[in-house]
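*Asks:*
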Amino acid sequence: MDLDPTTRTLTLLTLLQSAGEWTAADLAERLGTSIRTVRRDAQRLRRLGYTVEARPGPGSAYRLSPGVKVPPLLFTADEITALVAGLHLIRAWLPEESVASSALLKLDQVLPRPLRRRAAATDLATEVLQQPGAVVAAATVGVIADAVAEGGRIRFRYTDQHGRPSTRLVEPYRHFLRAGQWYLVAFDVDRDDWRTFRLDRITDISPVAGTYQPHPFPDESIEHWLTTDFGRVTPGSPRPAAKVAEPTR
Numbered sequence: 141m142d143l144d145p146t147t148r149t150l151t152l153l154t155l156l157q158s159a160g161e162w163t164a165a166d167l168a169e170r171l172g173t174s175i176r177t178v179r180r181d182a183q184r185l186r187r188l189g190y191t192v193e194a195r196p197g198p199g200s201a202y203r204l205s206p207g208v209k210v211p212p213l214l215f216t217a218d219e220i221t222a223l224v225a226g227l228h229l230i231r232a233w234l235p236e237e238s239v240a241s242s243a244l245l246k247l248d249q250v251l252p253r254p255l256r257r258r259a260a261a262t263d264l265a266t267e268v269l270q271q272p273g274a275v276v277a278a279a280t281v282g283v284i285a286d287a288v289a290e291g292g293r294i295r296f297r298y299t300d301q302h303g304r305p306s307t308r309l310v311e312p313y314r315h316f317l318r319a320g321q322w323y324l325v326a327f328d329v330d331r332d333d334w335r336t337f338r339l340d341r342i343t344d345i346s347p348v349a350g351t352y353q354p355h356p357f358p359d360e361s362i363e364h365w366l367t368t369d370f371g372r373v374t375p376g377s378p379r380p381a382a383k384v385a386e387p388t389r
């Protein structure tokens, strides 16, 4: 790993926020650098206002002080523009949710003055018309995201395009946007097959406790999987138009 100093320092901050204490050797290994460089990066965080505590000695270790006040976020002006514009897009896709608006408000509270001006300017200048398609719940997206990150399973109630309800136990792989709709692609455990589900037709979603070995996705990409009729078109055969089919019973 060959990270520039800014990226490396931000990565160090992320690691320190994710666990109580890290040894200098573990941090050096994760960052692909030396213990001496870890020491310099920790000092750089201190200059930025983070209280990084160090335990000296042969097994030296670092941690963030509990309850430390978070200093201004380390973004460039262009990164803030991208972030605010992205939140506008999310707000258009989740018109019944307040998460994007509340995120914009909280962002304004932690940015330094110059970036706060850029964020306010981008907020004022950006308008995204409400997107077509059904409303998606942020909580549903969050449960799916956690399960994907942890290699877990989820259970939910699903109503298909014919109005037929069912209960599904799946291993989620990704959720994706296509033709104005959000979909989940997942391995359906009970049906022993890969399926796609419209997110707006998912209700009563919950994680399933336990550790599982997820099934590997059967294609190089979701896009290729869709355009080859879910992997059923052989090489050299005419490809059907890309579409997303809902699961059958």
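Start counting at 1 in the sequence shown, then tack on 140, and there's your number in my numbering.
Just so you know, even glycine gets a beta-carbon here, dropped at the ideal spot from N, CA and C.
This one's a predicted model, so the numbers in the text were calculated from it and none came from an experiment.
At which residues does the alpha helix (DSSP H) containing R184 begin and terminate?
*Replies:* Residue mapping note: residue 184 aligns to position 44 of the sequence shown, counting from 1. Segment I175 to R187, the alpha helix (DSSP H) holding R184.
*Asks:* Quick one: residues in its chain with C-beta nearer than 7 Å to the C-beta of T201, no 5 flanking neighbours on either side, listed in chain order?
*Replies:* The count along the sequence shown starts at 1 and reaches residue 201 at position 61. Correcting the residue type first, residue 201 is Ala in the shown sequence and not Thr. Contacts found: E161, W162, T163, A164 and R195.
*Asks:* Leaving out the 5 sequence neighbours to the left and right, which residues in its chain are closer than 8 Å to D457 when beta-carbon positions are compared?
*Replies:* This structure cannot settle anything about residue 457, because the visible part of the chain is limited to 141 through 389.
*Asks:* Is it buried or exposed for P380, if we count other Cβ within 10 angstroms and need 16 for buried?
*Replies:* Within the sequence shown, numbered from 1, the residue matching residue 380 stands at position 240. For P380, the pLDDT reaches just 48, beneath the cut-off of 50, and the residue's location in the model is therefore unreliable, although a value from the coordinates is still provided. P380 comes out exposed.
*Asks:* Could you have a look at L317 and say whether DSSP puts it in helix, strand or coil?
*Replies:* The residue given as residue 317 occupies position 177 in the sequence shown. Residue state, collapsed to three classes: strand.
*Asks:* Relative to the C-alpha of A349, which residue among R293, T343, F316 and R304 is closest?
*Replies:* Start at 1 with the first residue of the sequence shown, and residue 349 comes out as number 209. Nearest of R293, T343, F316 and R304 to A349, Cα basis: R293.
*Asks:* Taking only three categories from DSSP, how would you classify D330?
*Replies:* Residue mapping note: residue 330 aligns to position 190 of the sequence shown, counting from 1. DSSP places D330 in coil when its eight states are reduced to three.
*Asks:* When burial is assigned at 16 or more other CB atoms within 10 Å of the CB, is L317 buried or exposed?
*Replies:* Sequence index remark: in the sequence shown, residue 317 carries index 177 (1-based). By the neighbour-count rule (16 or more Cβ atoms within 10 Å), L317 is not buried but exposed.
*Asks:* Give the single residue among A240, L255 and L245 whose Cα lies nearest to the Cα of T221.
*Replies:* Position 81 of the sequence shown holds residue 221. The option with the nearest alpha carbon to T221 is L255.
*Asks:* Compute the Euclidean distance between the alpha carbons of V268 and H228, then round it to the nearest angstrom.
*Replies:* Position 128 of the sequence shown, counting from 1, holds the residue named residue 268. Position 88 of the sequence shown, counting from 1, holds the residue named residue 228. Each residue's alpha carbon lies about 6 Å from the other.
*Asks:* Can you name the residues that DSSP bridges to V192?
*Replies:* Reading the sequence shown from its first residue, position 52 is the one you call residue 192. Per DSSP, L204.
*Asks:* CA-CA distance, G226 and A285?
*Replies:* The residue you call residue 226 lines up with position 86 of the sequence shown. The residue you call residue 285 lines up with position 145 of the sequence shown. When rounded, the distance between both Cα atoms is 18 Å.
*Asks:* In three-state DSSP terms, what is L150?
*Replies:* Here residue 150 refers to the residue found at position 10 of the sequence shown. Helix, per DSSP.
*Asks:* Answer with buried or exposed for H315, where buried requires no fewer than 16 other C-beta atoms within 10 angstroms of its C-beta.
*Replies:* Position 175 of the sequence shown, counting from 1, holds the residue named residue 315. Answer is buried; the Cβ neighbour count reaches 16.
*Asks:* Quick check for students: name the residue ranges of the beta strand (DSSP E) that lie wholly in the region 269 to 310, counting only runs of 3 or more.
*Replies:* Within the region 269 to 310, the complete beta strand (DSSP E) runs of at least 3 residues are 293 to 299.
*Asks:* From the DSSP output, read off the bridge partner residues of F337.
*Replies:* Translated into positions along the sequence shown, residue 337 becomes position 197. The partner list for F337 (beta bridge, DSSP) reads L324.
*Asks:* Are the beta-carbon atoms of Q321 and A278 separated by less than 9 Å?
*Replies:* Stepping through the sequence shown from its first residue, residue 321 is reached at position 181. Stepping through the sequence shown from its first residue, residue 278 is reached at position 138. For Q321 and A278, no; Cβs fall outside 9 Å.
*Asks:* Do you know offhand how far T351's Cα is from V283's?
*Replies:* The residue given as residue 351 occupies position 211 in the sequence shown. The residue given as residue 283 occupies position 143 in the sequence shown. C-alpha separation (whole angstroms): 16 Å.
*Asks:* Using CA atoms only, rank isn't needed, just tell me which of A182, R295 and S361 is closest to D330.
*Replies:* Taking the sequence shown and counting its residues from 1, the one referred to as residue 330 is at position 190. The shortest C-alpha separation from D330 is found at R295.
*Asks:* Can you say whether D181 is buried or exposed, counting buried as having 16 or more other CB atoms within 10 angstroms of its CB?
*Replies:* By 1-based counting over the sequence shown, the position of residue 181 is 41. It counts as buried.
*Asks:* If I follow the unbroken beta strand (DSSP E) through S346, where does it start and stop?
*Replies:* To locate residue 346, count along the sequence shown from 1; it is residue 206. Its beta strand (DSSP E) spans residues I342 to V348.
*Asks:* Report the residue from D340, L153, T173 and E363 whose alpha carbon sits nearest the alpha carbon of E193.
*Replies:* Here residue 193 refers to the residue found at position 53 when the sequence shown is read from its first residue. Residue L153 is the option with its Cα nearest to E193.
*Asks:* So the candidates are E169, L185 and R179; which of them puts its Cα closest to the Cα of L150?
*Replies:* In the sequence shown, the residue the question calls residue 150 occupies position 10. For L150, the nearest C-alpha among the options comes from L185.
*Asks:* Would a C-beta distance cut-off of 9 Å place L339 and V239 closer than the cut-off?
*Replies:* What you label residue 339 is simply residue 199 of the sequence shown in a count that begins at 1. What you label residue 239 is simply residue 99 of the sequence shown in a count that begins at 1. No, the Cβ-Cβ distance between L339 and V239 is not below 9 Å.
*Asks:* Roughly how many angstroms separate the alpha carbons of L223 and Y298, rounded to a whole number?
*Replies:* Against the sequence shown, residue 223 aligns to sequence position 83. Against the sequence shown, residue 298 aligns to sequence position 158. Taking the straight line from one Cα to the other gives about 33 Å.
*Asks:* Quick check: what's the CA-CA separation for R372 versus D332?
*Replies:* Here residue 372 refers to the residue found at position 232 of the sequence shown. Here residue 332 refers to the residue found at position 192 of the sequence shown. Going by the C-alpha atoms only, they are around 16 Å apart.
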